[in-house]
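Trainee: Handing you this structure, nothing more for now.
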Amino acid sequence: MTVNFEAPLGASLVKCPYRAKLKPPVLRADSYFTWQWWLGIGLFIFPWFIWILLRDKKNTGRLLLAGFITIILSLLIDLIAMSYGLWSYPMKFLPISPVLFLPYHLSLAPVAVMFVLQVGPKVNLFFKGVIFAGIAAFGGMNLFDAIGFYNPRGWPTFYDFIIFLFIYIVASLFYKIDNYGEKISQTRKS
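Pasting the structure below:
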């Protein structure tokens, strides 16, 4: 039995950094500046402009917290699922980190959740969650699959429905935390 005591590649690059020939990411004409790329960039920016115009201004902080929770959950779920090869995103929008900078995580999911939260605040949480998850999973994800933004690799759409329902319910629970105003007024008095 032989034991290999060689340093891993990362350790050798620390000792001899000149060996690492790091090239800056090159924008490839086959994936960047295509109609899909422009659509993806638009999906990053456009939802936030609409949200700024139509948001419930008195609940902006709570809505942003729910949106931030949505971003964290969608990133975590995607990173775990992609590491297991359950699905992938073939379209790359930014060369820095193609997995993390997707319009689903940073724009579409959080803005959609925030809009649903502010519409019909008296409506049952689960009812709104089921409607949101149904539209997002059976409408949105199937559309993104059809245009090549998402590759489910056999992942059932119903599982996407469950994931979207979970994300909406958790974000909604954070949105409904009731003591935001009390904390602000207490800090102003002291």
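Residue numbers are given in my numbering: position 159 of the sequence shown equals residue 252, and the series is strictly consecutive. Beta carbons: idealized from backbone N, C-alpha and C, even for Gly.
Shortest alpha-carbon distance to Ile256 belongs to which of Leu136, Tyr182, Gly160, Ala174?
Mentor: Taking the sequence shown and counting its residues from 1, one reaches residue 256 at position 163. Among Leu136, Tyr182, Gly160, Ala174, the Cα nearest to that of Ile256 belongs to Ala174.
Trainee: Please work out which residues of its chain come closer than 7 Å, Cβ to Cβ, to Ile162, disregarding the five sequence neighbours upstream and downstream, and give them in chain order.
Mentor: Position 69 of the sequence shown, counted from the first residue, corresponds to residue 162. These residues qualify, in order along the chain: Val263, Ala264, Phe267.
Trainee: Can you give me the C-alpha to C-alpha distance between Pro196 and Asp171, rounded to a whole angstrom?
Mentor: Residue numbering aside, residue 196 sits at position 103 when the sequence shown is read from its first letter. Residue numbering aside, residue 171 sits at position 78 when the sequence shown is read from its first letter. If you take the alpha carbons of Pro196 and Asp171, they lie about 13 Å apart.
Trainee: Where does the unbroken alpha helix (DSSP H) through Pro140 begin, and where does it stop?
Mentor: Locating residue 140 in the sequence shown gives position 47, where the first residue counts as 1. Unbroken alpha helix (DSSP H) run through Pro140: 128 to 147.
Trainee: Should Asp271 go down as buried or exposed, given a rule of 16 or more other Cβ atoms within 10 Å for buried?
Mentor: Here residue 271 refers to the residue found at position 178 when the sequence shown is read from its first residue. So Asp271 counts as exposed.
Trainee: Hey, quick one: how far does the alpha helix (DSSP H) through Leu199 stretch, first residue to last?
Mentor: Residue mapping note: residue 199 aligns to position 106 of the sequence shown, counting from 1. Unbroken run through Leu199: none, as it is neither H nor E.
Trainee: Should the region 203 to 213 be called in touch with the region 151 to 160, which here means at least 3 C-beta pairs below 8 Å?
Mentor: A contact exists between the region 203 to 213 and the region 151 to 160.
Trainee: Going by other Cβ atoms of all chains shown within 10 Å of its Cβ, with 16 needed for buried, is Ser176 buried or exposed?
Mentor: The sequence position of residue 176 within the sequence shown is 83, counting from 1. It counts as exposed.
Trainee: DSSP beta-bridge partners for Asn152?
Mentor: Within the sequence shown, numbered from 1, the residue matching residue 152 stands at position 59. In the DSSP output, where bridge partners are listed per residue, Asn152 has none listed.
Trainee: Considering only DSSP beta bridges, list what Asn244 is partnered with.
Mentor: Counting from one through the sequence shown, the residue named residue 244 turns up at place 151. DSSP, once it has assigned bridges, lists Ser181 as partnering Asn244.
Trainee: Any idea if Leu236 is buried or exposed, counting beta-carbon neighbours within 10 angstroms, 16 or more meaning buried?
Mentor: Reading the sequence shown from its first residue, position 143 is the one you call residue 236. Exposed is the call here.
Trainee: Skipping 5 residues on each side, what residues in its chain have a beta carbon closer than 6 Å to that of Pro203?
Mentor: Position 110 of the sequence shown, counting from 1, holds the residue named residue 203. These residues qualify, in order along the chain: Gly160, Thr163, Ile164.
Trainee: When you compare each of Gly241, Lys151, Pro249, Gly133 to Phe231 by their alpha carbons, which one comes out closest?
Mentor: Taking the sequence shown and counting its residues from 1, one reaches residue 231 at position 138. Considering only alpha carbons, the answer is Pro249.
Trainee: Got a sec? Which residues, its chain only, sit under 7 Å from Ala229 by beta carbon, not counting five neighbours each side?
Mentor: The residue you call residue 229 lines up with position 136 of the sequence shown. Within the same chain, Ala229 has close Cβ partners Ala205, Phe257.
Trainee: Look at Leu147 and Leu201 and say whether their C-beta atoms are less than 7 Å apart.
Mentor: As a first step, residue 147 is located in the sequence shown; it is residue number 54 there, counting from the start. As a first step, residue 201 is located in the sequence shown; it is residue number 108 there, counting from the start. Not closer than 7 Å, so no.
Trainee: Mark Pro140 as exposed unless 16 or more other C-beta atoms lie within 10 angstroms of its C-beta, in which case mark it buried.
Mentor: Within the sequence shown, numbered from 1, the residue matching residue 140 stands at position 47. Buried is the call here.
Trainee: Pick helix, strand or coil for Pro203, following the three-state DSSP scheme.
Mentor: Residue mapping note: residue 203 aligns to position 110 of the sequence shown, counting from 1. Helix at Pro203.
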